[in-house]
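Visitor: Provided herewith is a single structure, encoded as structure tokens, for subsequent inquiry.
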Amino acid sequence: MIIINQLSKKYKGAEEYSVKNLDLKVEDGEIYGLLGPNGAGKTTLISMLTSLLKPTSGSFTINGLNFKDNKNQLKQLIGIVPQEYALYPTLTAYENLFYFGSMYGIKGEILKKSINEHLEIMGLSRFAHKKTDTFSGGMKRRVNMIAGILHQPKVLFLDEPTVGVDVQSKNVIINHLKLLNKQGTTIVYTSHHLNEAEFFCTHVAIIDNGEIVVKGIPSELIKNQPDAHNLEDVFLAKTGKAMRDYA
Amino acid sequence: MLLLVRDLGGIAILFIMPLLLLIVITLVQDSTFKTISDIKIPVLLVDNDKGEISKNIIENLSESNSFEILQKTSEEEAKEAVFSGKYQLAIVIPENLSASLQKKVDQNVEGILSKFGLEEDTLAIAKEAIPQKEVRLYFDPATQTSFKSSVKNGIDKMISKIETQSIYKAFQTELGEEDSEPIFDTENFIAFKEILPTKNNAEIIPNSAQHNVPAWTLFAIFFIIVPLSINLVKEKNQGTFVRLRTNPVSYATVLGGKTIVYLGVCLIQFTLMLLVGIYLFPTIGLPGVDVSGKLPMLYVVALFSGLAAIGLGLLLGTIAKTQEQAAPFGATSVVILAALGGVWVPVFVMPKFMQLISKISPMNWGLEAFYDVFLRNVGFAKILPEISLLLLFFLTTTVIAIIYNNRKNAV
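This is the structure:
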């Protein structure tokens, strides 16, 4: 379970908070979607929850642990799939996964078996020994995801895991995430694909200007929003139609 | 490790370029270490004297084996050729130098002898004013001051010797002695002898290889700073650093892994440079490197020098945000450390202030340790202070890198 209390982040030199006094609770076994326009604060929130950013104020716990007191224990518990391809381009898919898997203390045959199983599920077995710089975007996304789940995390954070991939790759990724969730992994993910989030997530929170504007079960949010037929209608009603360009 | 192996171009640069540097520098510097040089510098000589003195000067210059004399008739022509950079040096011997010197010497000798009452017609001699003569030297404006000084000193010494000989000769003539039986010994009474260190009763004669292999090997070892810092910056930029930061492995462990790999690279680099010094140098006319009985100590120095270089690379890679910051800063700092450390110019010729600064250059510690082993033939205890400083430098820079990273990424 993730419990977030009044969590805030203001970047050095910034006038506005990127995340402002945010409260959120994610129960075990949920698939929680963090949705919002560009610059809403989704990535900043995930970065704080994964120890990549230091919060300005507030606190959070994941399964009762925090980074200050239980850093390594917590790092072992969570998995991260960052938005960028966090892979060594000159190494093969297998070598990348072997290296990152061993960082979590998985060794020998167990690691090899785990890598091969995930590559098989993700349809990448025949490319296991090819360098990742020759891979398509969709293939890199899938390897990127495997690197975050090899150690079977209890909580998995994914930042835009399906951005820029074809329908087939997206389908494989989502199906694999569903499988992991069934096996007991709590999933927190950010996405711009509202249609995908509507059917994939058990819960969503729409974030804008660093604050949660609405949260709940997707079907209930649609039902409660007048004239809304899908999550996109809810999203536009809550965040407006103005462009969100920022630099 | 795999990342390095996969980058064949990078590996080639990492290993081949330092070898090329070592070979080129040793070839260039080899002549300065030879007592009899094979290289002759062409010198333009304008002989307006055509007398005994100019004959002497030409003979002496030719015998020195350092110069190839090319005679010119016009001073203007010689000056133009030197100032345009075609030649390094022109020597112009003035008109009537031999006659004037002889007249001056005779005058002085007669004056001295008259004081002793040996000269019969003292009063009859009227002292004629003899104008001073100057041998003019023209140097290419691009010529280094050290070369100018050594040429000036050489010519000055030669002319002094000729003057002395003329004086002795004049005395002999005035005393009515035969020229064929010299009564004065004109050879230098005081001579210099360089006492070299010995090993097993054999003199250890320093050569260009013994000087260059340690100096440029150290330079190459320190260049590991550049690829190492770039590697760390690349990790940050390509996103893999996110994984390293979020997995349950400390930054110290990550740096430890990199230290082991890059230390291996340094030692391979060192081995290759030694092999080149031992086996390749003699085949291309350079003196070979003598490592007999020194190998273990040489590897100890290489290992600690490598650690110091890696420490600096880790710190730079941790602080730098882009490759554009890491690469030029790394390369420039290696050059600065080399200059301060005495790789190019010996520390003892530096100004006092720079000599003090050189004491804090890790390259100076490494170089001194290498010289101790290579040239001074000392024991392990003697290099202990230097390798201790190198280790301390590694520990300090690495700890700063870890603290900096932890503070920057504290959660």
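Residue numbers (the working numbering), protein chains in the order written: chain U, -6 to 240; chain E, 2 to 412.
In this text, a Cβ means the ideal position worked out from N, Cα and C, and glycines have one as well.
Model, not experiment: these values are computed from the prediction.
(1) For L219 of chain E, which option in E:T398, E:A321, E:L304 has the closest C-alpha, if you only look at C-alpha atoms?
(2) Spatial neighbours of G289 of chain E within its chain, please: CB distance less than 8 Å, with the 5 preceding and 5 following residues excluded, ordered by chain position.
(3) Just how far apart, CA to CA, sit I261 of chain E and K105 of chain U?
(4) Going by CA-CA distance only, name the one from U:G233, U:G22, U:I114 that's closest to K175 of chain U.
(5) Secondary structure at A143 of chain E, three-state DSSP: helix, strand or coil?
(6) Could you name the residues of chain E that A79 of chain U contacts, counting a contact when the two beta carbons are closer than 7 Å?
(7) Between which residues of its own chain and H122 of chain U is the CB-CB distance below 7 Å, once the five residues before and five after are set aside?
(8) Determine whether the Cβ of K123 of chain U lies closer than 9 Å to any Cβ atom of chain E.
(9) Figure out for me which residue from U:L112, U:E77, U:K163 has the closest Cα to the Cα of L90 of chain U.
(10) Beta-carbon of T247 of chain E versus every beta-carbon of chain U: anything under 9 Å?
(11) Only counting the same chain, and skipping five residues up and downstream in sequence, which positions put a Cβ closer than 6 Å to that of P48 of chain U?
(12) Give a yes or no on whether 9 Å exceeds the smallest Cβ distance from M115 of chain U to chain A.
(13) Would you say V262 of chain E faces chain U, with C-beta separation under 9 Å as the test?
(14) Could you check what DSSP says for S65 of chain E in three-state terms: helix, strand or coil?
(15) Could you tell me whether the region 339 to 346 of chain E touches the region 212 to 231 of chain E, where touching means 3 or more Cβ pairs closer than 8 Å?
(16) Which residue's Cα is closest to the Cα of I(-5) of chain U: U:G209, U:F228, U:K147?
(17) Quick one: list the residues of chain U neighbouring L15 of chain E, beta-carbon separation under 7 Å, in chain order.
(18) Since N(-2) of chain U sits in a beta bridge, which residues does DSSP pair it with?
(19) Skipping 5 residues on each side, what residues in its chain have a beta carbon closer than 7 Å to that of C194 of chain U?
(20) Got a sec? Which residues, its chain only, sit under 6 Å from G52 of chain E by beta carbon, not counting five neighbours each side?
(21) Just the C-alpha distance for G94 of chain U and L45 of chain U, rounded to the nearest angstrom, thanks.
(22) Compare the C-beta of L22 of chain E against all C-beta atoms of chain U and say whether one is closer than 9 Å.
(23) Give the range of the beta strand (DSSP E) segment to which E204 of chain U is assigned.
(24) Find the nearest neighbour of V335 of chain E within the set E:I168, E:K353, E:M364, judged by alpha-carbon distance.
(25) Can you list the alpha helix (DSSP H) stretches of 4 or more residues lying completely in the region 111 to 167 of chain U, in chain order?
(26) Using a beta-carbon distance cut-off of less than 7 Å, what residues from the region 128 to 156 of chain U approach chain E?
(27) Just to check my reading of the structure: G314 of chain E and S230 of chain E have Cβ atoms closer than 8 Å, yes? What is that Cβ distance to the nearest angstrom?
(28) Okay, do the region 15 to 31 of chain E and the region 262 to 274 of chain E touch, 3+ Cβ pairs below 8 Å being the bar?
(29) Out of E:F330, E:N232, E:V266, E:N213, point me to the one whose CA is closest to I26 of chain E's CA.
(30) Mind checking V255 of chain E: buried by the 16 CB within 10 Å criterion, or exposed?
(31) Using 9 Å as the limit for Cβ to Cβ distance, is T43 of chain U near chain E?
Guide: Straight from the coordinates:
(1) The residue among E:T398, E:A321, E:L304 with its C-alpha nearest the C-alpha of L219 of chain E is E:L304.
(2) The residues are A210, G278, I279, Y280, F282, P283.
(3) In this model, I261 of chain E and K105 of chain U are separated by some 25 Å (Cα to Cα).
(4) Cα-wise, what sits closest to K175 of chain U is U:G22.
(5) A143 of chain E: coil per DSSP, three-state reduction.
(6) Those are G240, T241, V243, R244, listed as they occur along chain E.
(7) A distance below 7 Å between beta-carbons, with the five flanking residues on each side excluded, links H122 of chain U to the following residues of its chain, in chain order: T85, Y87.
(8) No, K123 of chain U lies away from the interface with chain E (no Cβ there is under 9 Å from its Cβ).
(9) Taking each of U:L112, U:E77, U:K163 in turn and checking the Cα distance to L90 of chain U, the smallest one comes out for U:L112.
(10) Interface residue (Cβ-Cβ distance to chain U less than 9 Å): T247 of chain E is classified as such.
(11) Only L0, K2, M41 meet the Cβ criterion.
(12) Checking the listed chains, one finds no chain A in this structure; the protein chains it contains are U and E.
(13) Not one chain U Cβ lies under 9 Å of V262 of chain E.
(14) Under the three-state reduction of DSSP, S65 of chain E is assigned to coil, being neither helix nor strand.
(15) Three or more beta-carbon pairs drawn from the region 339 to 346 of chain E and the region 212 to 231 of chain E are found closer than 8 Å, and the two stretches are therefore classed as touching.
(16) Nearest of U:G209, U:F228, U:K147 to I(-5) of chain U, Cα basis: U:K147.
(17) Within 7 Å Cβ-Cβ: nothing; L15 of chain E doesn't reach chain U, min ~15 Å.
(18) Per DSSP, the beta-bridge partners of N(-2) of chain U are U:S52.
(19) Annotation for C194 of chain U: I24, Y25, G26, P211 place their beta carbon closer than 7 Å to its own, counting only its chain and skipping 5 residues before and after.
(20) Within the same chain, G52 of chain E has close Cβ partners S99.
(21) Those two C-alpha atoms are separated by around 19 Å.
(22) It does not: the Cβ of L22 of chain E has no partner Cβ on chain U nearer than 9 Å.
(23) 204 to 209 is the span of the beta strand (DSSP E), which, as asked, contains E204 of chain U.
(24) Nearest of E:I168, E:K353, E:M364 to V335 of chain E, Cα basis: E:M364.
(25) Listed in chain order, the alpha helix (DSSP H) runs fully inside the region 111 to 167 of chain U are 130 to 142, counting runs of at least 4 residues.
(26) For the region 128 to 156 of chain U, which is checked against every Cβ of chain E, the residues closer than 7 Å are A140.
(27) The pair is a contact, with the Cβ atoms about 5 Å apart (cut-off 8 Å).
(28) Judged by Cβ distances under 8 Å, the region 15 to 31 of chain E makes contact with the region 262 to 274 of chain E, as three or more pairs qualify.
(29) When each option's Cα is compared against that of I26 of chain E, the closest is E:N213.
(30) When all chains shown are included, V255 of chain E counts as buried.
(31) Residue contact with chain E for T43 of chain U: present (Cβ-Cβ distance below 9 Å to some residue of chain E).
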